[in-house]
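Notes for the one structure printed next.
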Amino acid sequence: MKITLSIIKADVGSIGGHIRPSDEMLKAVEQHIKTKGKDKGLIIDYYIGYTGDDISILTTHKKGVGNSTIHKLCYEAFLKATKVAKEQGLYGAGQDLLVEAFSGNVKGMGPQVAEMEIEERPAEPFLMFMADKTEPGAFNLPLYLSFADPMHCAGLLLSPKLKKGFKFVIMDVNYTQADRIIELVTPEEIYDIAVLLRDTGRFVVESIWSRVTGEQIVAASTTRLHNIAGKYVGKDDPVMLVRTQKDFPATGEILSPFTIGHLVAGFMRGSHNGPLMPVRKNSPTSFFDGPPIVSCLAFSVKNGKLTKPADCFDHPYWDYVRNKIAQKAEEIRKQGFVGPAMLPMSELEYTGVTETLKELEKKFKIRKK
Ligand code: F6R
Ligand code: MG
Ligand code: MG
Numbered sequence: 014m015k016i017t018l019s020i021i022k023a024d025v026g027s028i029g030g031h032i033r034p035s036d037e038m039l040k041a042v043e044q045h046i047k048t049k050g051k052d053k054g055l056i057i058d059y060y061i062g063y064t065g066d067d068i069s070i071l072t073t074h075k076k077g078v079g080n081s082t083i084h085k086l087c088y089e090a091f092l093k094a095t096k097v098a099k100e101q102g103l104y105g106a107g108q109d110l111l112v113e114a115f116s117g118n119v120k121g122m123g124p125q126v127a128e129m130e131i132e133e134r135p136a137e138p139f140l141m142f143m144a145d146k147t148e149p150g151a152f153n154l155p156l157y158l159s160f161a162d163p164m165h166c167a168g169l170l171l172s173p174k175l176k177k178g179f180k181f182v183i184m185d186v187n188y189t190q191a192d193r194i195i196e197l198v199t200p201e202e203i204y205d206i207a208v209l210l211r212d213t214g215r216f217v218v219e220s221i222w223s224r225v226t227g228e229q230i231v232a233a234s235t236t237r238l239h240n241i242a243g244k245y246v247g248k249d250d251p252v253m254l255v256r257t258q259k260d261f262p263a264t265g266e267i268l269s270p271f272t273i274g275h276l277v278a279g280f281m282r283g284s285h286n287g288p289l290m291p292v293r294k295n296s297p298t299s300f301f302d303g304p305p306i307v308s309c310l311a312f313s314v315k316n317g318k319l320t321k322p323a324d325c326f327d328h329p330y331w332d333y334v335r336n337k338i339a340q341k342a343e344e345i346r347k348q349g350f351v352g353p354a355m356l357p358m359s360e361l362e363y364t365g366v367t368e369t370l371k372e373l374e375k376k377f378k379i380r381k382k
């Protein structure tokens, strides 16, 4: 059976700063998706959860990707949550909804989107990633390692099908007039892929496809809000769907790179580097408005009907990883605003530094010889 998996995610307000949405907001989203979506037969199933201050709506349906009915359903759910956030006096109510009225597709309207239409396999396991206090490029390194490096994906050596490699579709997110993409394949072009993926602020993995079966395995969100809005509206906390097992990397091979806690852009005021910490589902943010966090839920799906999720980072192993990553976060925080701790000028999400520099420019003098 052909079904579509869609995640649409937005920050529409949170308790006590940028910490987490309220239960009442989540209830409003759920109520809308259930009554206007599932009960009316628009969608087959849904799951609603949060990571940090972002609410994610996962739906299964038969309408394909970029479908305006599905996007409208989710956009309106976020409008309802915004209304609740305003009533409760929550912070940043409606922050990610850049336009009042919905028009066609949420892409470019603020929320993050990751969708793929698939032919369901007899057993269809997939993972749903949600990250907060970071940007879409945060998934570049984990995806490269899971799909192109046998240090993390043992299947590249052990499974003849995985050895045939994958096609990466990578987007230049600085180009905003249209989608500017490049397609590169593993293993032949891994160094070209690496050259692009090192630049996480500009080049972002949009999707990954099997070269053996032609199937789509990964769909990741690529929207950069500040490129659309032209001003600070928060980092673009990304979401991602990854199908696993059999002809694709195993669930554990997809999780493996998250042991690194690699440094990503985001953290306080979307303007610092910090290590990406894997957390349990429905985790809030905390230290220095961070650290950047990522959750991962594993689902199985049959005829579009979802199981309850299994929480991939809820395991003693990841407690150990979290401890190490907390130390890494503490280390980089020790150097505050200097060097790699704070992002380069082009990536700062607030104007304070540039405005100060403009003033200081006037005070500089050239010393006479
Ligand atoms: C990061 C984030 C926060 C805010 C910070 C200041 O994504 O949202 O770190 O940037 O809390 O927020 P404002 O400027 O809204 O007071
Ligand atoms: Mg926020
Ligand atoms: Mg967020």
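Residue numbers for the sequence shown, in my numbering: 14 to 382. For each residue, glycine too, the CB sits at the ideal point set by N, CA and C.
Presumed contact (8 Å Cβ cut-off) between residue i and residue j, rounded CB distance
| i | j | result |
| --- | --- | --- |
| residue 388 | residue 25 | Outside the displayed range of the chain (14 to 382) lies residue 388, so it cannot be described from this structure. |
| residue 213 | residue 278 | 7 Å |
| residue 217 | residue 271 | The pair is not a contact, with the Cβ atoms about 18 Å apart (cut-off 8 Å). |
| residue 338 | residue 274 | 4 Å |
| residue 16 | residue 133 | 6 Å |
| residue 324 | residue 310 | 6 Å |
| residue 99 | residue 41 | Their Cβ separation, rounded to whole angstroms, is 11 Å, which puts residue 99 and residue 41 out of contact at 8 Å. |
| residue 91 | residue 23 | 5 Å |
| residue 89 | residue 45 | 6 Å |
Beta carbon of residue i nearer than 9 Å to that of residue j
| i | j | result |
| --- | --- | --- |
| residue 71 | residue 140 | no |
| residue 255 | residue 231 | yes |
| residue 58 | residue 51 | yes |
| residue 14 | residue 227 | no |
| residue 74 | residue 119 | no |
| residue 200 | residue 276 | no |
| residue 125 | residue 267 | no |
| residue 65 | residue 298 | yes |
| residue 156 | residue 263 | no |
| residue 289 | residue 147 | yes |
| residue 305 | residue 142 | no |
| residue 158 | residue 168 | no |
| residue 293 | residue 249 | no |
| residue 56 | residue 86 | yes |
| residue 367 | residue 358 | yes |
| residue 128 | residue 79 | yes |
| residue 287 | residue 346 | yes |
Contacting residues, own chain, Cβ-Cβ under 8 Å from residue i (five flanking each side not counted)
| i | result |
| --- | --- |
| residue 194 | 182, 183, 184, 185 and 219 |
| residue 29 | 104 |
| residue 376 | none |
| residue 348 | 354 |
Terminal residues of the beta strand (DSSP E) in which residue i lies
| i | result |
| --- | --- |
| residue 332 | Counting along the chain, residue 332 falls outside any beta strand (DSSP E), though it belongs to the alpha helix (DSSP H) covering 329 to 346. |
| residue 374 | Residue 374 -> not in any beta strand (DSSP E); alpha helix (DSSP H) instead, spanning 365 to 374. |
| residue 139 | 137 to 145 |
| residue 208 | Note, residue 208: premise wrong, no beta strand (DSSP E); alpha helix (DSSP H) at 203 to 210. |
| residue 381 | Careful: residue 381 lies outside any beta strand (DSSP E) and carries neither H nor E. |
| residue 127 | 125 to 132 |
| residue 21 | 15 to 23 |
| residue 192 | Looking at the DSSP string, residue 192 is not in any beta strand (DSSP E), and its letter there is neither H nor E. |
| residue 356 | Run containing residue 356: none; DSSP gives neither H nor E here. |
| residue 219 | 216 to 223 |
| residue 229 | 229 to 233 |
| residue 182 | 179 to 185 |
| residue 253 | 252 to 256 |
| residue 278 | 276 to 279 |
Extent of the continuous alpha helix (DSSP H) to which residue i belongs
| i | result |
| --- | --- |
| residue 267 | 264 to 268 |
| residue 291 | No alpha helix (DSSP H) holds residue 291; the beta strand (DSSP E) holding it covers 290 to 292. |
| residue 310 | Taken as a continuous stretch (DSSP letters only), residue 310 belongs to no alpha helix (DSSP H), being part of the beta strand (DSSP E) at 306 to 315. |
| residue 175 | 173 to 176 |
| residue 158 | 153 to 161 |
Neighbourhood of residue i by C-beta, 6 Å cutoff - its chain only, sequence neighbours within 5 removed
| i | result |
| --- | --- |
| residue 383 | With the chain represented from 14 up to 382, any question about residue 383 goes unanswered, as that position is not in the structure. |
| residue 187 | 215 |
| residue 209 | 183 and 216 |
| residue 261 | 230 |
| residue 356 | 278 and 284 |
| residue 334 | 272 |
| residue 97 | 37, 38 and 41 |
Close beta carbons around residue i, own chain, < 7 Å, minus the five adjacent residues each side
| i | result |
| --- | --- |
| residue 101 | 35 and 37 |
| residue 205 | 197 |
| residue 160 | 166, 179, 199, 221 and 262 |
| residue 320 | 312 and 313 |
| residue 257 | 138, 139, 140, 263, 264 and 267 |
| residue 224 | 177, 178, 179, 180 and 198 |
| residue 281 | 301, 302 and 303 |
| residue 27 | 33, 34, 66, 103, 104 and 105 |
- Item | Every unbroken beta strand (DSSP E) inside the stretch 28 to 105 [3 residues or more] | 58 to 64 and 67 to 74
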